[in-house]
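The next block holds one structure in the form of structure tokens; read it before the comments.
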Ligand code: ADP
Ligand code: MG
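In the UniProt record's numbering, the protein residues as written are 1 to 238.
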């Protein structure tokens, strides 16, 4: 049974349709990667799932409940932004607890969840630092920690590693794969990096100009690409 379902989802800005009837089934615990060139609609799709952007037409359901008009904070979803979205004047601890404090979660519960996330992400020694005292990789882990403390069922990542250098990207990719196993969460991950997609995904969704070109496992896409666009993007010989 699918946990998250998109049915003929469309998005227009002004008169221009940028998401053109997307259908998708995502199962609980799956690591799903959206790939495609810049401007194809990856972020727009993610933002509609998160509730940060209105769906022009079509349906979004989570556990069979229609979510189109449900408040972002009530969807059981947490979005991981790029690391520069940390609050510079707050410590790591405050950054991670902020959304919970805002939501009225009691202080002891916030402390417990921040500790738990810090332990998973190996951030315990850094809890009292400010973002400017952290490396790029450490900041990105804090950004992930802010999502973990909310105990979401579904994590959304929008090109979380694009600001990091090549070496750190490889390291963080391994961390994110480990995290997926450890949390047993559903992850929807956006990237324009084929290698990231091939190594992380259970299922890859290839997008072009607001249309899903193909959905499949990395191996399926490599062995049997639907068309030249997918073949070119995945790097297989078709
Ligand atoms: P991607 O994340 O794949 O690079 P986006 O989802 O950001 O692509 O954008 C998809 C298309 O929608 C692009 O053509 C972009 O210019 C357009 N777009 C995105 N956001 C807006 C907006 N707020 N207003 C108008 N057009 C937008
Ligand atoms: Mg984008």
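Every residue, glycine too, gets a C-beta built ideally from N, C-alpha and C.
Query: Range of the contiguous beta strand (DSSP E) that encloses residue 28; Result: Premise fails: residue 28 is in no beta strand (DSSP E) and is neither H nor E.
Query: CB of residue 22 within 9 Å of CB of residue 9, strictly; Result: yes
Query: Three CB pairs or more closer than 8 Å across the region 67 to 83 and the region 34 to 51; Result: yes
Query: Residue 102 - partner residues in DSSP beta bridges; Result: None; residue 102 has no bridge partner.
Query: Residue 151 and residue 113 closer than 9 Å at C-beta; Result: yes
Query: CA-to-CA distance, residue 199 to residue 35, given in whole angstroms; Result: 13 Å
Query: Residue 189, enclosing alpha helix (DSSP H) - first and last residue; Result: No alpha helix (DSSP H) holds residue 189; the beta strand (DSSP E) holding it covers 186 to 190.
Query: Check: residue 153 C-beta below 8 Å from any heavy atom of ligand 1; Result: no
Query: Closest residue to residue 95 among 81, 143, 138 (Cα-Cα distance); Result: 143
Query: N-terminal and C-terminal residue of the beta strand (DSSP E) that residue 214 is part of; Result: 211 to 216
Query: Own chain residues within Cβ distance below 8 Å of residue 182, not counting five before or after; Result: 120
Query: Residue 82 - DSSP class collapsed to helix/strand/coil; Result: coil
Query: Of the residues 196, 39, 109, the one placed nearest residue 211, counting alpha carbons only; Result: 39
Query: Residue 205 and residue 156 closer than 9 Å at C-beta; Result: no
Query: Unbroken beta strand (DSSP E) run spanning residue 138, endpoints; Result: Per DSSP, residue 138 belongs to no beta strand (DSSP E); it is in the alpha helix (DSSP H), 136 to 148.
Query: 7 Å CB neighbourhood of residue 75 in its chain, flanking five on each side removed; Result: 51, 62, 67
Query: First through last residue of the alpha helix (DSSP H) which encompasses residue 167; Result: 166 to 183
Query: Residues that DSSP places opposite residue 5 in a beta bridge; Result: 25, 61
Query: Rounded straight-line distance, which links the Cα of residue 91 to that of residue 56; Result: 39 Å
Query: Backbone CA spacing between residue 194 and residue 107 [nearest angstrom]; Result: 42 Å
Query: Beta-carbon gap between residue 7 and residue 60 smaller than 9 Å; Result: yes
Query: Residue span of the alpha helix (DSSP H) that contains residue 115, given as start and end; Result: 107 to 120
Query: Spatial neighbours of residue 177 in its chain, beta-carbon cut-off 7 Å, leaving aside the 5 residues before and after; Result: 200
Query: Extent of the continuous beta strand (DSSP E) to which residue 206 belongs; Result: 203 to 208
Query: Where the beta strand (DSSP E) containing residue 200 begins and where it ends; Result: Where residue 200 is concerned, there is no enclosing beta strand (DSSP E), although the alpha helix (DSSP H) it sits in stretches over 194 to 200.
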